[in-house]
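**Student:**
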Amino acid sequence: MGFTHRSAITASARMDVPFTGSARPFPDKSATTIQEITATTYTDSDSWGVPLNKGFSWVPTWKSTPNDDREFSGPKAVPSIFTAMKYEVASFARDLRLIHSKEGVFSPGILWVKRVLWPLDNSWNTRMVNKDLRFYETQVGPIFDELATAFEGYPLRPGRLACSLEGAGKRRLFAIGNYIRQRLLHPVHDWGMRVLSRLPCDGTFQQERPIHRLALLRPSEVDSFDLSSATDRWPVSVIHDLMACIFGPSLASCIVNGSLALSAFWVGPPLVGSSRFLCFRTGQPLGYYGSWALLSLSHHYLVWLAALIVGWGHTPFTRYALLGDDIVIADRAVAEQYRKLLGLLDVSISESKSLCSKSGALEFPKQG
Numbered sequence: 001m002g003f004t005h006r007s008a009i010t011a012s013a014r015m016d017v018p019f020t021g022s023a024r025p026f027p028d029k030s031a032t033t034i035q036e037i038t039a040t041t042y043t044d045s046d047s048w049g050v051p052l053n054k055g056f057s058w059v060p061t062w063k064s065t066p067n068d069d070r071e072f073s074g075p076k077a078v079p080s081i082f083t084a085m086k087y088e089v090a091s092f093a094r095d096l097r098l099i100h101s102k103e104g105v106f107s108p109g110i111l112w113v114k115r116v117l118w119p120l121d122n123s124w125n126t127r128m129v130n131k132d133l134r135f136y137e138t139q140v141g142p143i144f145d146e147l148a149t150a151f152e153g154y155p156l157r158p159g160r161l162a163c164s165l166e167g168a169g170k171r172r173l174f175a176i177g178n179y180i181r182q183r184l185l186h187p188v189h190d191w192g193m194r195v196l197s198r199l200p201c202d203g204t205f206q207q208e209r210p211i212h213r214l215a216l217l218r219p220s221e222v223d224s225f226d227l228s229s230a231t232d233r234w235p236v237s238v239i240h241d242l243m244a245c246i247f248g249p250s251l252a253s254c255i256v257n258g259s260l261a262l263s264a265f266w267v268g269p270p271l272v273g274s275s276r277f278l279c280f281r282t283g284q285p286l287g288y289y290g291s292w293a294l295l296s297l298s299h300h301y302l303v304w305l306a307a308l309i310v311g312w313g314h315t316p317f318t319r320y321a322l323l324g325d326d327i328v329i330a331d332r333a334v335a336e337q338y339r340k341l342l343g344l345l346d347v348s349i350s351e352s353k354s355l356c357s358k359s360g361a362l363e364f365p366k367q368g
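The sequence shown runs 1 to 368 under full-length UniProt numbering.
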């Protein structure tokens, strides 16, 4: 799992936390090919007419937060978002000092201002992003930074890692994200889920819909792939390039690099023997708003890229079914090209759990 160990707990000590969000897995091909796809009928108006209604909103939450009164007032304190808010704001502001030090990474503060941004209108989006960044840095950021200064020396946690126990002895890691980041990313989550709901080959909202649709084609050769630790190994660079083509590079850097990739997480017993800080070298933390939707959307794009390479041209490729990291492809040439692209991304396929059928048999989605 692509983790880097960090033992520090202050912003200054975490200045060298690495991230790879702006790296490109296939430098000469990925961005230009994705741009070509976005200019074709793969991006039909029904799917891509969905605006991003960004903007921060204060909403109470009953979910866990990385920081609460039990850490600072004693173990008997009752956790509440209302008393934990000061820690969450201070932790967010402290992390922004780190993010602002990284050249080429746009601040999550861009997402603070309420504004409607439209896909494929990159010139307008870039102008608005720069305007919203100036607003945050002059109006909101200084207030938050004062709170971060007031809590200087406190072991604030930018995020936490936890796990759920599933069948067959499997543990699934997930992130407990900073409250401010989560609220900033919530509109991105809403946008991504609305786009997925309009893709006929996606099963996020109706798992059986893409399979029933595929069955009408009566395919004989079907490949059901099981990706090994895809949620941890899926490169954020692919998500970054995709979002850059849809909303422009500035907003892509803000969402993917600044808000998702450049994150550190506290983890303690029983996951590890002693408490420490970790960050993702590859992939991005599922648990943040937008992480699932953007992973799924970029997975669709990889399938479309494979179809484009093998000669489907600008006709939308729909002979597949997808749900997150679960995938069934009913075209052998596209399936083989998809496998090659995964190899370039260093995402492996579990051959023992995959099914390559010549009789139309398939498995979707997979459990465990």
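Using N, Cα and C, we set each Cβ at its ideal position, and we do this for glycine too. Since this is a predicted model, take the numbers as computed values, not measurements.
Counting Cβ pairs closer than 8 angstroms, one from the stretch 198-207 and one from the stretch 315-328, do we hit at least three?
**Tutor:** These segments touch.
**Student:** Of all the options G141, T231, C163, which has the alpha carbon lying nearest to the alpha carbon of D346?
**Tutor:** As a first step, residue 346 must be located in the sequence shown, where it is residue number 346. Nearest of G141, T231, C163 to D346, Cα basis: T231.
**Student:** May I ask you to list the residues that DSSP assigns as paired with D223?
**Tutor:** Here the question's residue 223 lines up with position 223 in the sequence shown. For D223, which the question treats as bridged, DSSP gives the partners I329, C356.
**Student:** I want to check one thing, is the minimum distance from the CB of I329 to the heavy atoms of the ligand ADP below 6 angstroms?
**Tutor:** Here there are no bound small molecules, and the ligand ADP is not part of this structure.
**Student:** Tell me, to the nearest whole angstrom, how far the beta carbon of A90 is from that of A148; I am working on the premise that it is less than 8 angstroms.
**Tutor:** Within the sequence shown, the letter at position 90 stands for residue 90. Within the sequence shown, the letter at position 148 stands for residue 148. Correct: roughly 5 angstroms between the Cβ atoms.
**Student:** If you follow the beta strand (DSSP E) that G177 is in, where does it begin and where does it stop?
**Tutor:** For this step, residue 177 is matched to residue 177 along the sequence shown. Residues 171-177.
**Student:** Give me the Cα-Cα distance between G159 and N122, rounded to the nearest whole angstrom.
**Tutor:** Along the sequence shown, one-based indexing puts residue 159 at 159. Along the sequence shown, one-based indexing puts residue 122 at 122. Cα to Cα, G159 sits roughly 31 angstroms from N122.
**Student:** May I ask you to report which of helix, strand or coil DSSP gives R281?
**Tutor:** Counted from its first residue, the sequence shown places residue 281 at position 281. Residue state, collapsed to three classes: coil.
**Student:** Helix, strand or coil for S237, going by three-state DSSP, please let me know.
**Tutor:** Numbered from 1 along the sequence shown, position 237 holds the residue referred to as residue 237. It is helical.
**Student:** Excluding the five sequence neighbours on either side, which residues of its own chain have a C-beta within less than 7 angstroms of the C-beta of R213, listed in chain order?
**Tutor:** Within the sequence shown, residue 213 is the residue found at index 213, counting from 1. P200, listed in sequence order.
**Student:** Please determine if the stretch 215-224 and the stretch 65-75 are in contact, where contact requires at least 3 C-beta pairs separated by less than 8 angstroms.
**Tutor:** No, the stretch 215-224 does not touch the stretch 65-75.
**Student:** Give me the DSSP bridge partner(s) of I349.
**Tutor:** Residue numbering aside, residue 349 sits at position 349 when the sequence shown is read from its first letter. Its beta-bridge partners are L227.
**Student:** Is it the case that the stretch 336-350 contacts the stretch 297-308, given that we only count it when at least three CB pairs across the two stretches are under 8 angstroms?
**Tutor:** With a cut-off of 8 angstroms, the stretch 336-350 and the stretch 297-308 count as touching, because enough Cβ pairs lie within range.
**Student:** For S197, count neighbouring Cβ atoms within 10 angstroms of its own Cβ and tell me buried if that reaches 16, exposed if not.
**Tutor:** As a working note, residue 197 is residue 197 in the sequence shown. It is exposed - the Cβ of S197 has fewer than 16 other Cβ atoms within 10 Å.
**Student:** Note down, in chain order, each residue of its chain lying with its Cβ closer than 6 angstroms to the Cβ of E221, except the 5 sequence neighbours on either side.
**Tutor:** Locating residue 221 in the sequence shown gives position 221, where the first residue counts as 1. Cβ within range, chain order: R332, K358.
**Student:** Check whether the Cβ atoms of P108 and G258 lie closer than 7 angstroms to each other.
**Tutor:** Stepping through the sequence shown from its first residue, residue 108 is reached at position 108. Stepping through the sequence shown from its first residue, residue 258 is reached at position 258. Contact: yes.
**Student:** Compare the C-alpha of R281 against each of S275, I349, L262 and name the closest.
**Tutor:** By one-based count along the sequence shown, residue 281 stands at place 281. Nearest of S275, I349, L262 to R281, Cα basis: L262.
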